[in-house]
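**Student:** The structure's right below; bear with me while I get my questions together.
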Amino acid sequence: DITVTDGLLDIANLGNQSDAITFQAATSTFVQGGSGVDTVTGSSAGDTLTLSDVETLNARGGNDTILITGDANVTIDGGSGDDSITSGSGDDSIVGGSGSDTISGGEGGDTLMGGDGADVFVFDTATDTGHVNGADQLVDYDIIFDFESGNDQLKLGFDAVDIAVDSTGNYAEARRACGGFAEAQARADGVFDSNANLQYVFQYVSSGSDVGGYLFINNDNGPSETGAYADAVIKLVGFGPSGIAAGDIIA
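When you line the sequence shown up against my numbering, it's residues 10 to 260, in that order.
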């Protein structure tokens, strides 16, 4: 194990063993892991960390800026403080911790939890909120476990003129619950196909392993010869059929 006491380390190459590195003072460091299972523990003073091929990060205290590169599946705990966390293309697990955090899951099917505070979840809806399988069904989408309507926000990469909910006719909610994810997506696709202005459709699954709320997103914004379909989806665990509120989505 490695302990860095002064924070004065620009690059850390951990090699091919299962290593652990701990920072005791604020640092701005690039950590390159190897083929082992590597763990990084930040300081309590606020760090700027860029990690590649690292499997676990415990950021601890302070306002941290964290960037994950590569396709490793990373477990991240932001700890206390107002953190900015951006993960890579793996299937990551991110907990913001206390404080008002900004969390971007990147590509892959990520599980996200903001923790205490007013958190912002950032998505590039072209790349990181679902991929389409051979049956035109969205897979590998991100899941938010503790989104709180009216407190937390979703930043979806739209222009400011395109984000209004319930005020410009670009948002719709399901009238009744669905029995599973496939049904929820099929209904959302049907709504998008018949409503040129819609960009979001909220569907609720009431039973089974898919239970929860789903915010389907259409980036194309209008029917075509092949129909308008959901391009992305975000699962909101614990949401009932009421959907999201105005102000939950920001530019």
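Even glycine gets a Cβ: it sits at the ideal position worked out from N, Cα and C.
How would you call Ile153, buried or exposed, if buried means at least 16 neighbouring beta carbons within 10 angstroms?
**Tutor:** Here residue 153 refers to the residue found at position 144 when the sequence shown is read from its first residue. So Ile153 counts as buried.
**Student:** If distances are taken between C-alpha atoms only, which option among Tyr150, Phe167, Ser61 and Asp128 comes closest to Phe156?
**Tutor:** Start at 1 with the first residue of the sequence shown, and residue 156 comes out as number 147. The shortest CA-to-CA distance from Phe156 to any of Tyr150, Phe167, Ser61 and Asp128 is the one to Asp128.
**Student:** Could you check whether Gln162 and Ile11 sit closer than 7 Å to each other, using their CB atoms as the reference points?
**Tutor:** On the sequence shown, position 2 is the one that residue 11 refers to. On the sequence shown, position 153 is the one that residue 162 refers to. Not a contact, by the Cβ cut-off of 7 Å.
**Student:** With respect to the alpha helix (DSSP H) encompassing Phe201, which residues constitute its N-terminal and C-terminal limits?
**Tutor:** On the sequence shown, position 192 is the one that residue 201 refers to. Start and end: Phe190 to Ser203.
**Student:** Since Ser93 and Gly106 are thought to touch, with beta carbons under 8 Å apart, how far apart are those beta carbons, to the nearest angstrom?
**Tutor:** Reading the sequence shown from its first residue, position 84 is the one you call residue 93. Reading the sequence shown from its first residue, position 97 is the one you call residue 106. Wrong, their Cβ atoms sit about 13 Å apart, outside the cutoff.
**Student:** Would you kindly check if the distance between the Cβ of Val63 and the Cβ of Val40 is under 7 Å?
**Tutor:** Position 31 of the sequence shown, counted from the start, is the residue given in the question as residue 40. Position 54 of the sequence shown, counted from the start, is the residue given in the question as residue 63. Result yes, Cβ atoms of Val40 and Val63 sit closer than 7 Å.
**Student:** Is it right to say Ile20 is buried, meaning 16 or more other beta carbons lie within 10 angstroms of its own, or is it exposed?
**Tutor:** Along the sequence shown, read from residue 1 onward, the residue named residue 20 stands at position 11. Result: exposed.
**Student:** Distance check for Asn179 and Arg196, CA to CA, integer angstroms please.
**Tutor:** Taking the sequence shown and counting its residues from 1, one reaches residue 196 at position 187. Taking the sequence shown and counting its residues from 1, one reaches residue 179 at position 170. Going from the Cα of Arg196 to the Cα of Asn179 covers about 16 Å.
**Student:** Can you look up Thr111 in the DSSP assignment and give me helix, strand or coil?
**Tutor:** Within the sequence shown, the letter at position 102 stands for residue 111. In the structure shown, Thr111 sits in a strand (DSSP, three-state: E or B).
**Student:** For Gln138, report the span of its beta strand (DSSP E) as first-last.
**Tutor:** For the purposes of this step, residue 138 is identified with residue 129 of the sequence shown, where counting begins at 1. Just to set this straight, residue 138 is Thr in the shown sequence, not Gln. Careful: Thr138 lies outside any beta strand (DSSP E) and carries neither H nor E.
**Student:** Using beta-carbon positions only, say whether Ser53 and Gly71 come within less than 7 Å of one another.
**Tutor:** Residue 53 sits at position 44 when you count from the first residue of the sequence shown. Residue 71 sits at position 62 when you count from the first residue of the sequence shown. Cβ atoms of Ser53 and Gly71: closer than 7 Å.
**Student:** Who are the near neighbours of Val220 in its chain, counting only those whose CB is closer than 6 Å to its CB and skipping five residues on each side?
**Tutor:** For the purposes of this step, residue 220 is taken as residue 211 along the sequence shown, with counting starting at 1. Closer than 6 Å at the Cβ level, and outside the excluded window around Val220, lie Val214.
**Student:** What's the call for Ala181, buried or exposed, on a 16-neighbour Cβ count within 10 Å?
**Tutor:** Mapped onto the sequence shown, residue 181 falls at position 172. Classification of Ala181: buried, given that the 10 Å Cβ count is 16 or more.
**Student:** Could you check the C-alpha separation between Val49 and Phe201 for me, to the nearest Å?
**Tutor:** Locating residue 49 in the sequence shown gives position 40, counting from the first residue. Locating residue 201 in the sequence shown gives position 192, counting from the first residue. Straight-line Cα distance between these residues: approximately 44 Å.
**Student:** Please list, in chain order, all residues of the same chain as Lys164 whose beta carbon is under 6 Å from its beta carbon, the five residues on each side excluded.
**Tutor:** For this step, residue 164 is matched to residue 155 along the sequence shown. Here the set comprises Val129, Val131 and Ile259.
**Student:** Could you pull out every residue in the same chain whose Cβ sits closer than 7 Å to the Cβ of Ser176, ignoring the five residues on either side in sequence?
**Tutor:** In the sequence shown, the residue the question calls residue 176 occupies position 167. Low local confidence applies: a pLDDT of 43 at Ser176 is under 50, so the model's placement there is unreliable, and no value is given.
**Student:** Rounded to the nearest angstrom, how far is the Cβ of Val242 from that of Thr138, given a contact under 8 Å?
**Tutor:** Taking the first residue of the sequence shown as position 1, residue 242 is located at position 233. Taking the first residue of the sequence shown as position 1, residue 138 is located at position 129. Yes, they are in contact, since the Cβ atoms of Val242 and Thr138 sit about 6 Å apart, within 8 Å.
**Student:** Just to confirm, are Ala68 and Gly51 a CB contact at a threshold of 7 Å?
**Tutor:** Counting from 1 along the sequence shown, the entry for residue 68 is found at position 59. Counting from 1 along the sequence shown, the entry for residue 51 is found at position 42. For Ala68 and Gly51, yes; Cβs fall inside 7 Å.
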